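Asks: Here the working numbering is used: the first residue of the sequence shown is 372, the next is one more, and so on. Cβ coordinates follow ideal geometry from the N, Cα and C atoms, glycine included. Model, not experiment: these values are computed from the prediction.
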Amino acid sequence: LNRRKKLLSDYGVRTLELYRQASGQQEPAIVILLDSYESMKEEAYEAELFRLLVRISREGLSIGVHLLVTAGRQSNLRAQFYANFKHQLSLPQNDFGEVRSIVGSTPLAKTMEDIKGRALMKRDEVDVIQLALPVAGANDAQVLNNLRQEVASLQEAWTGQRPSAIPMVPEELTEADFYSRASVQAAYKQGLVPLGLDMETVEPITWNISKGNLLYLTDRQEYMMDFVNQLTHGKQKVIVFAPKHHSLQIENGVDYITQEEEYVAALDTIKDRIEGRLERRAYEHVATVVIYDWVNLVQELSLSNQNKLLYVLEKGARVGYASIVISDSNLSRQIDEVSRLVKTYKQSLMGIRFNDQTIVTATNKPPMREGALDTQIHYYTVDSLTRKLKVLMK
Numbered sequence: 372l373n374r375r376k377k378l379l380s381d382y383g384v385r386t387l388e389l390y391r392q393a394s395g396q397q398e399p400a401i402v403i404l405l406d407s408y409e410s411m412k413e414e415a416y417e418a419e420l421f422r423l424l425v426r427i428s429r430e431g432l433s434i435g436v437h438l439l440v441t442a443g444r445q446s447n448l449r450a451q452f453y454a455n456f457k458h459q460l461s462l463p464q465n466d467f468g469e470v471r472s473i474v475g476s477t478p479l480a481k482t483m484e485d486i487k488g489r490a491l492m493k494r495d496e497v498d499v500i501q502l503a504l505p506v507a508g509a510n511d512a513q514v515l516n517n518l519r520q521e522v523a524s525l526q527e528a529w530t531g532q533r534p535s536a537i538p539m540v541p542e543e544l545t546e547a548d549f550y551s552r553a554s555v556q557a558a559y560k561q562g563l564v565p566l567g568l569d570m571e572t573v574e575p576i577t578w579n580i581s582k583g584n585l586l587y588l589t590d591r592q593e594y595m596m597d598f599v600n601q602l603t604h605g606k607q608k609v610i611v612f613a614p615k616h617h618s619l620q621i622e623n624g625v626d627y628i629t630q631e632e633e634y635v636a637a638l639d640t641i642k643d644r645i646e647g648r649l650e651r652r653a654y655e656h657v658a659t660v661v662i663y664d665w666v667n668l669v670q671e672l673s674l675s676n677q678n679k680l681l682y683v684l685e686k687g688a689r690v691g692y693a694s695i696v697i698s699d700s701n702l703s704r705q706i707d708e709v710s711r712l713v714k715t716y717k718q719s720l721m722g723i724r725f726n727d728q729t730i731v732t733a734t735n736k737p738p739m740r741e742g743a744l745d746t747q748i749h750y751y752t753v754d755s756l757t758r759k760l761k762v763l764m765k
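#1: Are the beta-carbon atoms belonging to Y751 and I641 less than 7 Å from one another?
#2: Which of the three DSSP states is assigned to L314 in this structure?
#3: Following the continuous alpha helix (DSSP H) through K686, name the residue where it begins and the one where it ends.
#4: What residue from N678, D643, K582 has the CA that sits closest to T715's CA?
#5: Can you round the beta-carbon distance between M492 and I486 to whole angstroms, since I take them to be within the 8 Å contact cut?
#6: For M483, is the classification buried or exposed, using 16 other Cβ atoms within 10 angstroms of its Cβ as the cut-off for buried?
#7: May I ask which residues mark the beginning and end of the beta strand (DSSP E) holding M721?
#8: Between I662 and Y587, is the Cβ-Cβ spacing less than 7 Å?
#9: By how many angstroms is the C-alpha of L424 removed from the C-alpha of Q459?
#10: Straight-line CA distance for T729 to M411?
#11: In or out: L439 buried (at least 16 other Cβ within 10 Å) or exposed?
#12: So Q630 is in the beta strand (DSSP E); what residue range does that whole segment cover?
#13: Please list the segments of the beta strand (DSSP E) lying wholly inside the stretch 438-499, counting only runs of 3 or more residues, in order along the chain.
#14: Could you give the distance in angstroms between the alpha-carbon of M721 and the alpha-carbon of P614?
#15: Following the continuous beta strand (DSSP E) through L568, name the residue where it begins and the one where it ends.
#16: Thinking just about the alpha-carbon of each residue, which of V540, F421, V555 is nearest to the one in Q451?
#17: Assuming L766 and L544 are in contact, meaning their beta carbons sit under 8 Å apart, how far apart are those beta carbons, in whole angstroms?
#18: Consult DSSP for T640 and reduce its assignment to one of helix, strand or coil.
#19: Is the Cβ-Cβ distance between E574 and S554 less than 7 Å?
#20: Between the beta-carbon of A558 and the beta-carbon of P565, is there less than 7 Å?
#21: Alpha carbon to alpha carbon, how far is S755 from I628?
#22: Mapping DSSP to helix, strand and coil, what is D626?
#23: Alpha carbon to alpha carbon, what distance is there between I434 and T386?
#24: With respect to the beta strand (DSSP E) encompassing F612, which residues constitute its N-terminal and C-terminal limits?
#25: Spell out a yes or no on whether the stretch 739-750 and the stretch 701-716 are touching, meaning 3 or more CB-CB pairs, one atom from each, closer than 8 Å.
#26: Between N373, R648, Y550, which has its C-alpha nearest V436's C-alpha?
#27: Put L586 into one of helix, strand or coil per three-state DSSP.
#28: What does a CB cutoff of less than 7 Å around E409 pick up in its chain, not counting 5 residues either side in sequence?
#29: With a CB to CB cut of under 7 Å and the five nearest residues on each side skipped, what residues in its chain are close to L313?
#30: Tell me the residue span of the alpha helix (DSSP H) that contains V425.
#31: When burial is assigned at 16 or more other CB atoms within 10 Å of the CB, is I770 buried or exposed?
#32: So which of E398, R704, V731, V384 has the shortest CA-CA distance to L585?
#33: Quick check: the Cα distance between Q607 and N735, rounded to an integer number of angstroms?
#34: May I have the straight-line CA-CA distance separating R648 from L563, to the nearest angstrom?
#35: Please confirm whether L674 and L712 have their CB atoms less than 7 Å apart.
#36: According to DSSP, simplified to helix, strand and coil, what is Q561?
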C-alpha cells in the first residue's frame with residue numbers, strides 16, 4: 372500500500388488508471404478475498420488484521436487494491452469496516468430484516484426467490500442479480516458430481532505450473548509422510564535437525580544450533596525413545612549417554628555410552644575433540660551428544676564425570692558438538708551444578724502441558740486452564756516464545 376501510494380505521489384496523480392497513463396507502467400490491480408469474516412474472530416491476529424482490512428477498504432480503491440469479503444451476517448462486521456464498502460449484496464436470508472439492513476428498505480427483500488446464486492445488490496439502486504454458477508444441475512448431488520467432472524477435465528487439460536497446495540497439518544504424522552516431505556529432506560541436506568512441523572505454516576521446525584543446546588522435556592519413556600530414533604536420521608554422528616538400565620533400541624551407527632568406565636573414556640575423548648576444534652576454530656555441526664533420561668543418568672555419574680559433562684555442555688555447541696538433554700519433569704528438583712546449567716537453556720521441546728512444569732518459561736505461554744495436549748502435539752520454545760508443532764512421537 373505504501374509503495375503504491377508513493378508511485379502515485381511521484382507522478383502527482385490520484386488513481387491507478389491515471390498513473391498508468393502518466394508513467395506508461397502497467398501496475399496490476401490486486402483483488403484480496405476474505406471468505407467468511409467470522410473465521411478470523413477471536414484469533415490472536417484479529418486486531419492487527421482488522422486494522423489492515425480497514426486501511427485497505429479506505430485507501431485501496433484509488434491505488435488498485437480491491438477487497439471482497441463474505442460474512443454470515445452484517446452485524447458480525449464493525450460499522451467502521453463495512454461503511455467503506457460501496458457495493459454490498461445479500462443472498463437469500465431467513466431474516467428479512469438482515470437483508471434490509473444491507474440493501475435498504477425495498478420490497479425486493481421479501482420477494483427475492485430462494486435460488487442458488489440469486490442476490491440483491493445495493494448500488495445506486497437495489498438490483499436483483501444472478502451470480503454465475505460453475506456448473507448446471509437439477510439438484511445438489513448432480514451439481515456436486517458435475518463440478519467434480521469439471522475439475523477433473525481442467526486438471527487434465529492444464530499442463531503449466533500449478534500453485535502449491537494449501538498447507539494442512541496431517542491428523543496423524545507418519546514417518547513416511549514426514550521424511551518424504553521436500554522441505555524436511557532439504558533441511559536434512561543442509562545439515563539441520565528437523566523436530567516436527569509448525570502447526571501454522573506446516574513447515575519443518577529445526578533445532579537452532581546457534582541458540583545452543585536443546586532440552587527435550589517429557590514424562591513418557593516412549594517419547595524419549597522415539598526422539599532418539601528420529602535424531603539418527605541426520606547427517607551428524609549421534610553419541611548417546613544413557614543410564615546403565617535403559618530401554619533404548621540399539622541403532623546401527625550410533626555410539627551408546629552406558630557404563631561407568633565408558634562414561635570416563637567417552638567424556639575424555641569428546642573433551643579433547645572440543646578443545647582441538649576450539650583451537651582450529653572449527654564450527655560445523657559434526658556430532659550430536661544426546662543425554663538420555665537425564666535425572667537417572669546424573670545419579671550414576673561421579674562428581675568428576677559430572678564436571679567433564681559440564682564442560683561438554685558449556686563448550687561443545689560452539690564447535691559442532693551440540694547436545695540434546697532428554698529429561699522428565701523431575702529435572703526441576705535437581706540442584707547439582709550441571710542440572711542448573713540445563714535448566715537455563717533458551718531452547719526446548721516439550722511433550723507435556725506447559726503448566727505441568729516450572730523449568731521453561733514463555734511470554735506467550737498458554738493460560739492456566741490449559742487443555743490436554745492432543746496426540747503428537749509438542750511445544751517448541753526459543754528465546755521465551757513458544758509455539759506448537761506436530762511431532763513423530765506418539
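Replies: For this structure:
#1: Going by C-beta atoms, Y751 is not nearer than 7 Å to I641.
#2: In this structure the chain extends from 372 to 765, so residue 314 is not present and cannot be described.
#3: DSSP places K686 in the uninterrupted alpha helix (DSSP H) bounded by 674-686.
#4: Checked all of N678, D643, K582; the closest Cα to T715 is K582.
#5: In fact, because the Cβ distance is near 15 Å, the residues do not count as touching under 8 Å.
#6: Burial state of M483 is buried, judged by a 10 Å Cβ sphere holding 16 or more other Cβ atoms.
#7: First-last of the beta strand (DSSP E) with M721: 718-721.
#8: Not closer than 7 Å, so no.
#9: The straight-line gap from Cα to Cα measures roughly 16 Å.
#10: T729 and M411: Cα-Cα distance of roughly 32 Å.
#11: Classification for L439: exposed.
#12: Note, Q630: premise wrong, no beta strand (DSSP E); not H, not E.
#13: Complete beta strand (DSSP E) runs here, min 3: 459-461, 489-493.
#14: Whole-angstrom Cα-Cα distance: 21 Å.
#15: Its beta strand (DSSP E) spans residues 565-569.
#16: That would be F421, whose Cα lies nearest to the Cα of Q451.
#17: As shown, the chain starts at 372 and ends at 765. That puts residue 766 outside it, with no answer to give.
#18: Note: T640 maps to helix in three-state DSSP.
#19: Against a cut-off of 7 Å, the Cβ pair of S554 and E574 comes out as a contact.
#20: With respect to the 7 Å criterion, A558 and P565 are classified as neighbours on the basis of their beta carbons.
#21: Straight-line Cα distance between these residues: approximately 32 Å.
#22: D626: strand per DSSP, three-state reduction.
#23: Cα to Cα, T386 sits roughly 6 Å from I434.
#24: That run of the beta strand (DSSP E) goes 608-612.
#25: Taking a contact to require three or more Cβ pairs closer than 8 Å, the stretch 739-750 and the stretch 701-716 do not qualify as touching.
#26: Checked all of N373, R648, Y550; the closest Cα to V436 is N373.
#27: Here L586 sits in strand by DSSP.
#28: The residues are A442, G443, N447.
#29: What the structure shows of the chain is the stretch from 372 to 765, and residue 313 is not part of that stretch, so it cannot be assessed.
#30: If you look at V425, you'll find it in the alpha helix (DSSP H) that goes 417-430.
#31: The shown model of the chain, from 372 to 765, leaves out residue 770, and the question about it has no answer.
#32: When only C-alpha atoms are compared, the closest one is V731.
#33: Each residue's CA atom was taken as its position, placing Q607 and N735 some 33 Å apart.
#34: R648 and L563: Cα-Cα distance of roughly 20 Å.
#35: The answer is no: Cβ separation not under 7 Å.
#36: DSSP places Q561 in coil when its eight states are reduced to three.
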